[in-house]
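First up is the structure itself, then whatever we jot down about it.
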Amino acid sequence: MGDVRGGVGPQAVGLVRGLSLLDATLLIVGSVIGSGIFFAPSIMAGYLRSPGLLLGLWILGGLLTLSGALSYAELAAAMPRAGGQYVFLSEAFSPVFGFLYGWTLLLAINTGFVAAVALAFAKALGFFVPGVGEERVLFSVLGMPLTTAQLVALVVIAVLTWLNVTGLRTGASVQNLFTLAKLGALGILVALAVATAKGSAENFQPLASLALGPEGLKVGLFAALAGAMGKALFSYDSWYTVTFAAEEVKDPERNLPRSLVLGTLGVTVAYAATVGVYLYMVPIGEMAAVTENRIATVAAVRMIGPPGGVFIAVAILVSTFGCVNGLTLAGARVVYAMARDGLFFHGAARVHPRHRTPSAALLLHGLVAALLTLTGTYSNLLTMTAFTSLLFNVLTVVGLFVLRRKRPDLVRPYRVWGYPVVPLLFVAVGLFFLLNMPRENPGYTGLGLLLTVAGVPAYLYWRRHR
Numbered sequence: 002m003g004d005v006r007g008g009v010g011p012q013a014v015g016l017v018r019g020l021s022l023l024d025a026t027l028l029i030v031g032s033v034i035g036s037g038i039f040f041a042p043s044i045m046a047g048y049l050r051s052p053g054l055l056l057g058l059w060i061l062g063g064l065l066t067l068s069g070a071l072s073y074a075e076l077a078a079a080m081p082r083a084g085g086q087y088v089f090l091s092e093a094f095s096p097v098f099g100f101l102y103g104w105t106l107l108l109a110i111n112t113g114f115v116a117a118v119a120l121a122f123a124k125a126l127g128f129f130v131p132g133v134g135e136e137r138v139l140f141s142v143l144g145m146p147l148t149t150a151q152l153v154a155l156v157v158i159a160v161l162t163w164l165n166v167t168g169l170r171t172g173a174s175v176q177n178l179f180t181l182a183k184l185g186a187l188g189i190l191v192a193l194a195v196a197t198a199k200g201s202a203e204n205f206q207p208l209a210s211l212a213l214g215p216e217g218l219k220v221g222l223f224a225a226l227a228g229a230m231g232k233a234l235f236s237y238d239s240w241y242t243v244t245f246a247a248e249e250v251k252d253p254e255r256n257l258p259r260s261l262v263l264g265t266l267g268v269t270v271a272y273a274a275t276v277g278v279y280l281y282m283v284p285i286g287e288m289a290a291v292t293e294n295r296i297a298t299v300a301a302v303r304m305i306g307p308p309g310g311v312f313i314a315v316a317i318l319v320s321t322f323g324c325v326n327g328l329t330l331a332g333a334r335v336v337y338a339m340a341r342d343g344l345f346f347h348g349a350a351r352v353h354p355r356h357r358t359p360s361a362a363l364l365l366h367g368l369v370a371a372l373l374t375l376t377g378t379y380s381n382l383l384t385m386t387a388f389t390s391l392l393f394n395v396l397t398v399v400g401l402f403v404l405r406r407k408r409p410d411l412v413r414p415y416r417v418w419g420y421p422v423v424p425l426l427f428v429a430v431g432l433f434f435l436l437n438m439p440r441e442n443p444g445y446t447g448l449g450l451l452l453t454v455a456g457v458p459a460y461l462y463w464r465r466h467r
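If you're matching positions, the sequence shown starts at 2 in the working numbering and goes up one per residue.
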């Protein structure tokens, strides 16, 4: 696969390197922190009734994410081209693996995340506009209902797709603003817990128990751990988004590894502190019973009363809006890279002549995300995307080992710290959850795999007409 930057046709106008280290780091943080941290701990409490396990899974998720980020840093610095994992998998194994990743990213992973987080934005908006919700049906077409929440999510996707078409700096500026705002909101939440001192340290006891919640008792210990961890992994996912836009990062050999490490570390600290606040304010036995899993709202209300609910609703709106923007900005670059290599619709490689953005890929990405918004609920989209995303993340890190043997001559400005232990840790822990997650929700994990397999005939078609 060549690093095409010019030529004729749709790619005659190339992308520009306009993302600084700060932009790249905030792109990671903003794409990761969406809706999960405000709801997932309550869902996880349904599987586990151990404060130590709950907090430990979030820390483990952060360590797993960091080990993956360190591994991706080596790959990204060596191959700073648009597409990220699409490029890495193609080089390590074969173009079919890269294509299947890009195919699944477009049909399920990235667009599924966009749809799920856009729906979470709509649910938060329902706090201020009571008519907005997944239960409020406007009308049905061919048996498919359109809810007010879906309508709001569609508007969010359309607006942010258009903003990213209008320029890289526009998308990056929106990302930076909303990322700093959401980090500030989580910081205020932690500060309020300390300042009001209305929680209890006894909520962390017993710290080392293996107690299971109602959902955990139904499926057993390992499946309960996998089910709970799946929710945490969803909240950590998209840490690799900056690699999709590697071709637009300044000094990528240095800034890509730095942004991956700084971004994942920042998210881990923010998440661990926030979950600690939830446990401090709400006993774990009460977490799973929280209405609609709004644990952040309950914790904030216990700190400062009704204004806490307003504060969290605004924080979720800010967080989810910024998350959808980051996912949109980065995800479309994979579609663009596939089309540029002749493995997708030729027109998807078109770069806007004035804005220098992959406009056609952005529009296609937005269209698929909109369709997924119409076909799934927040919870089901979460399950499907978390499984397929982790599957390809594990395969990509395996590709690191393959490339070390296959391409020893490849210039590597950065080599993963702790090799081979760090990448092996990511692969081992990832495989454990991949084997156990289908037991918790076989339907939607199976759907994710089915979408991936459906890409094989599509690849054969485009390869034949390449």
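From the three backbone atoms N, C-alpha and C, an ideal C-beta is built for every residue, glycine too.
- DSSP places V17 in the coil class of the three-state scheme, outside both helix and strand.
- Within the same chain, and ignoring the five residues on either side of V276 in sequence, the residues whose Cβ sits closer than 6 Å to its Cβ are P42, L56, W59.
- T292: not part of any alpha helix (DSSP H); DSSP gives it neither H nor E.
- Taking all protein chains shown into account, S174 has fewer than 16 neighbouring C-beta atoms within 10 Å of its C-beta and is therefore exposed.
- Within the same chain, Cβ atoms closer than 6 Å to the Cβ of G231 are found at A387, M438, the five residues on either side in sequence being excluded.
- Here T358 is buried, its C-beta having at least 16 other C-beta atoms within 10 Å.
- The beta carbons of L330 and A246 sit closer together than 8 Å.
- Nearest C-alpha to L49 among T374, R334, G217, L392: G217.
- Put simply, the region 69 to 80 touches the region 242 to 260. At least three CB pairs are less than 8 Å apart.
- Its chain contains L22, A25, T26, I29, V243 as the residues whose beta carbon lies nearer than 7 Å to that of S260, once the 5 sequence neighbours on both sides are disregarded; these appear in chain order.
- With the rule of 3 Cβ pairs closer than 8 Å, the region 100 to 110 counts as touching the region 448 to 458.
- Remark: C-beta atoms of V398 and S72 approach each other more closely than 8 Å.
- Following the DSSP letters along the chain, one finds T148 inside the beta strand (DSSP E) bounded by residues 145 to 148.
- For S141, DSSP records a beta bridge to P146.
- Runs of the alpha helix (DSSP H) spanning 4 or more residues and lying entirely within the region 188 to 263 occur at 215 to 220, 222 to 237, 242 to 245, in chain order.
- Within the DSSP secondary-structure output, L49 pairs in a beta bridge with L213.
- Boundaries of the alpha helix (DSSP H) harbouring L461: 456 to 465, taken from the DSSP string.
- Buried is the label assigned to K124, since at least 16 other Cβ atoms lie within 10 Å of its Cβ.
- Excluding five sequence positions before and after F129, the CB atoms of its chain that fall closer than 7 Å to its own CB belong to A314, given in chain order.
- Taking the Cα positions, T446 is about 7 Å away from T389.
- In terms of CA proximity to W463, L101 leads the group S360, L101, G19, G85.
- In this structure R334 is buried. Its beta-carbon is surrounded by 16 or more other beta-carbon atoms within 10 angstroms.
- DSSP places W418 outside both helix and strand once states are collapsed to three, so it counts as coil.
- Non-local C-beta neighbours of V118 in its own chain, meaning closer than 8 Å and more than five positions away in sequence, comprise G35, S36, T321, C324, V325, L328, ordered along the chain.
- In the three-state reduction of the DSSP assignment, R355 falls in the coil class, being assigned neither a helical nor a strand state.
- Contact annotation, A459 with W104: C-beta distance approximately 6 Å; criterion of less than 8 Å satisfied.
- Within the same chain, G309, F312, I313 come within 6 Å of A301 by CB-CB distance, once the 5 residues on both sides are set aside.
- Annotation: the continuous alpha helix (DSSP H) that includes F322 extends over 308 to 341.
- If you draw a 10 Å sphere on the C-beta of M304, you find 16 or more other C-beta atoms in it, and that means buried.
- Taking C-alpha positions only, F122 is separated from V319 by approximately 8 Å.
- Of the other Cβ atoms in all chains shown, fewer than 16 fall within 10 Å of the Cβ of V412; this residue is therefore exposed.
- Between the alpha carbons of F89 and F114 lies a gap of roughly 22 Å.
- Contact between the region 180 to 191 and the region 264 to 278 is established, with three or more Cβ pairs separated by less than 8 Å.
- For the options G99, A93, S95, F40, the alpha carbon positioned closest to that of G84 is the one of G99.
- In the DSSP assignment, P81 falls outside any alpha helix (DSSP H) and carries neither an H nor an E.
- Cβ-Cβ distances below 8 Å link L147 to V138, L139, F140, S141, L375 in the same chain, with the five nearest sequence neighbours on each side left out; the list follows chain order.
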